[in-house]
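Participant:
There are 2 protein chains.
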Amino acid sequence: MIEASAGPRSAVRAAAQRQRILCAAQKCFVDRGFHAASMATIAQTADMSPGLIYRYFRGKSEIILAIIEQQLEVARERIGELHATSDLAGALAGSYGKSADCNSEHISPPLFLELSAQATRDPQIAAASRASDAAVRAAFVQVLTRSQAEGGYGLSKAEAAGRALMLMCLFEGLKVREAREPQIDRRMLRAALEQVLAAIFQPPRQPS
Amino acid sequence: MIEASAGPRSAVRAAAQRQRILCAAQKCFVDRGFHAASMATIAQTADMSPGLIYRYFRGKSEIILAIIEQQLEVARERIGELHATSDLAGALAGSYGKSADCNSEHISPPLFLELSAQATRDPQIAAASRASDAAVRAAFVQVLTRSQAEGGYGLSKAEAAGRALMLMCLFEGLKVREAREPQIDRRMLRAALEQVLAAIFQPPRQPS
DNA sequence: CTCTTAAGAATGAACGATCATTCTCTTTTT
DNA sequence: AAAAAGAGAATGATCGTTCATTCTTAAGAG
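Just so you know, the sequences run in chain order E and C.
Numbering of the first sequence is given in our numbering, commencing with residue 1296 and proceeding in unit increments.
Numbering of the second sequence is given in our numbering, commencing with residue 1296 and proceeding in unit increments.
#1: Is there a Cβ from chain E that is less than 8 Å from the Cβ of C:G1468?
#2: Which class does C:Q1437 belong to by DSSP, given the choice of helix, strand or coil?
#3: Just to check my reading of the structure: C:G1392 and C:P1477 have Cβ atoms closer than 8 Å, yes? What is that Cβ distance to the nearest angstrom?
#4: Quick check: is the beta carbon of E:D1396 nearer than 8 Å to any beta carbon in chain C?
#5: Any beta-carbon of chain E closer than 8 Å to the one on C:M1334?
#6: Could you check the C-alpha separation between C:E1489 and E:C1323 for me, to the nearest Å?
#7: Run the CB neighbour count on E:V1520, radius 10 Å, all protein chains shown included, and call it buried at 16 or more, exposed below.
#8: I'd like to know if the segment 1389-1404 of chain E and the segment 1316-1332 of chain E are in contact, where contact means that at least 3 CB-CB pairs between them fall below 8 Å.
#9: Under 8 Å between the Cβ atoms of C:R1472 and E:C1464?
#10: Assuming E:L1408 and E:A1474 are in contact, meaning their beta carbons sit under 8 Å apart, how far apart are those beta carbons, in whole angstroms?
#11: Can you check whether the CB of C:A1453 is closer than 8 Å to the CB of C:V1436?
#12: Report the rounded CA-to-CA distance for C:K1470 versus E:S1305, giving the unit in angstroms.
#13: Would you kindly work out how many angstroms separate the C-alpha atoms of C:I1363 and C:A1335, rounded to a whole number?
#14: Could you check if C:Q1497 is buried or exposed, using at least 16 other CB atoms within 10 Å of its CB as the buried criterion?
#15: Closest Cβ-Cβ distance between E:H1401 and chain C: below 8 Å?
#16: If you draw a straight line from the alpha carbon of E:D1428 to that of E:G1375, how long is it in whole angstroms?
#17: What residues in the segment 1482-1496 of chain E have a beta carbon less than 8 Å from any beta carbon of chain C?
#18: Kindly indicate which residue of E:R1482, E:E1357 and E:G1389 has the alpha-carbon position closest to the one of E:I1505.
#19: With E:M1483 and C:L1460 assumed to form a contact (beta carbons below 8 Å), what rounded beta-carbon distance in angstroms separates them?
#20: Go through its chain and collect everything with a Cβ distance to E:A1365's Cβ below 8 Å, but skip five positions before and after it.
#21: Give a yes or no on whether the C-beta atoms belonging to E:Y1349 and E:Q1312 are separated by under 8 Å.
#22: List, in chain order, every chain E residue whose beta-carbon is nearer than 7 Å to that of C:S1424.
#23: What's the call for C:T1440, buried or exposed, on a 16-neighbour Cβ count within 10 Å?
#24: Rank C:P1418, C:D1480 and C:R1315 by C-alpha distance to the C-alpha of C:D1342 and give the top, closest one.
#25: Quick check: what's the CA-CA separation for C:A1338 versus C:A1320?
#26: Would you mind sorting E:R1458 into buried or exposed? The rule is 16 or more other CB atoms within 10 Å of its CB.
#27: Hey, does E:T1440 have any beta-carbon neighbour from chain C nearer than 8 Å?
#28: Identify which residue in E:A1422, E:V1491 and E:A1379 has its Cα closest to the Cα of E:G1447.
#29: What separation, rounded to the nearest whole angstrom, lies between the Cα atoms of E:R1432 and E:D1396?
#30: Can you tell me which of C:I1495, C:V1491, C:S1399 and C:P1345 puts its alpha carbon nearest to the alpha carbon of C:E1370?
#31: Rounded to a whole number of angstroms, what is the C-alpha to C-alpha distance between C:L1410 and C:G1328?
#32: Distance check for C:G1468 and C:S1451, CA to CA, integer angstroms please.
#33: By the DSSP assignment, the alpha helix (DSSP H) with C:R1482 in it spans what residues?
#34: Specify the secondary structure class of C:K1393 as computed by DSSP and reduced to three states.
#35: Work out the CA separation of C:A1444 and C:V1438 for me, nearest whole Å.
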């Protein structure tokens, strides 16, 4: 790679530069969208010349892929929090509408939506999305199937799969809503979320 | 306008041409995204010359706006079906993954997602989205607040507002999921949907 | 410590491609 | 024949990418 023949000093700097570019690109993608954000604008946001970007990335599409993989890592990290959070509805309602900069743990709604749309067109993005979704869903299923004594909800495997799917739809729907309705009443959102989440986490009703 | 000085004959043709352009543009936007779809490609899809499009639309952004308003009309029409549909979960699970052409009653997931992302950037799109959302939400609230004798669910106004919000999140989340996971197990989706929908439509539990 | 020097880092102008839009000309309709 | 509809090449702008060049850095020689 670039830093193969150089010392560790330049390797650190190269990584920092890469991160600076990714941060600027993410901001530009949020502000203007994937295709409308130009390399010139990204370079200006990162406070460097356009040509320099190509020392650290092969091109624009590689930047997009790098951002996706970065978000995938963030998603994996956030899975751990899931097990510890007791007030899930409150956390979701509280973070609603918060601006997500590049080192935030929450992905920006427009970025997430555009990324999901691109997943229907670009096979690489589709594969990355599937990987991320599978990890999140597995974590949901684990919590739902684990016995109540272990802090889980003791659902059957089939039940848990369905509930996990609905949880993902709900979270993703919140992202859509965040984009379309940024100034929502948080209190109402939180109350409504609590009810639906309670229903999803409840044991299945027996067929009469 | 264009057909102001002409007879009704040309007005009919003009409307048909407009519709042909909108249909082609919608297809191109789904396939490539808003910015990546070129006017040349749209013209080719509509089987006409690029210049001809400008006889019927002022430019590209006006085409986008027209598609949005068209989808808004479709949404309003679909609200009527809501009151009549008994098997909502089955209908949703059944239409999942079906390709949506331009005269379909279902908006294509990538188009919806890209549109929602653009709503965070373009004030006109944001306004149109808000109008559509308000109509849909009002219809949900109406069904939820109407007394059970009238086919409703007899919820209070505050309760209904929250439930309607969750319904919208769920539907929009399904759109996201449709984009990210086109080959889902429909049977599981339907079963899970039925449970969550039942919970959302249920009367509120009394505080013990 | 200073000078030399070579390589990496960074610049910004230049290039080819592409895009939205316009315009001139031709075809069709009435 | 007049007017509307349509075609398609031309235009100016913009974009991603490249490249010749300059600046910076740091290490080795004296």
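C-beta atoms are modelled at their ideal positions from N, C-alpha and C, and glycine is treated no differently.
Facilitator: Reading off the structure:
#1: Residue contact with chain E for C:G1468: present (Cβ-Cβ distance below 8 Å to some residue of chain E).
#2: helix
#3: 5 Å
#4: Chain C contact via Cβ: absent.
#5: no
#6: Using only the alpha carbons, I get a separation of about 40 Å.
#7: Summary: the structure shown does not reach residue 1520 of chain E, with chain E confined to residues 1296 through 1503, and so no result is reported for it.
#8: yes
#9: yes
#10: 6 Å
#11: no
#12: 45 Å
#13: 21 Å
#14: exposed
#15: no
#16: 15 Å
#17: M1483, L1484, A1486, A1487, L1488, Q1490, V1491, A1494 and I1495
#18: There is no way to answer for residue 1505 of chain E, as the model of chain E reaches only from 1296 to 1503.
#19: So it is a contact: roughly 7 Å between Cβ atoms.
#20: The sequence given here places Gln at residue 1365 of chain E; Ala does not occur at that position. Excluding sequence neighbours, E:Q1365 sits near L1317.
#21: no
#22: R1475
#23: buried
#24: C:R1315
#25: 8 Å
#26: buried
#27: no
#28: When only C-alpha atoms are compared, the closest one is E:A1379.
#29: 25 Å
#30: Looking at the sequence itself, residue 1370 of chain C is Ala, so the reference to Glu does not match. Taking only the C-alpha atoms, the option nearest C:A1370 is C:S1399.
#31: 10 Å
#32: 25 Å
#33: R1481 to F1496
#34: Here C:K1393 sits in coil by DSSP.
#35: 12 Å
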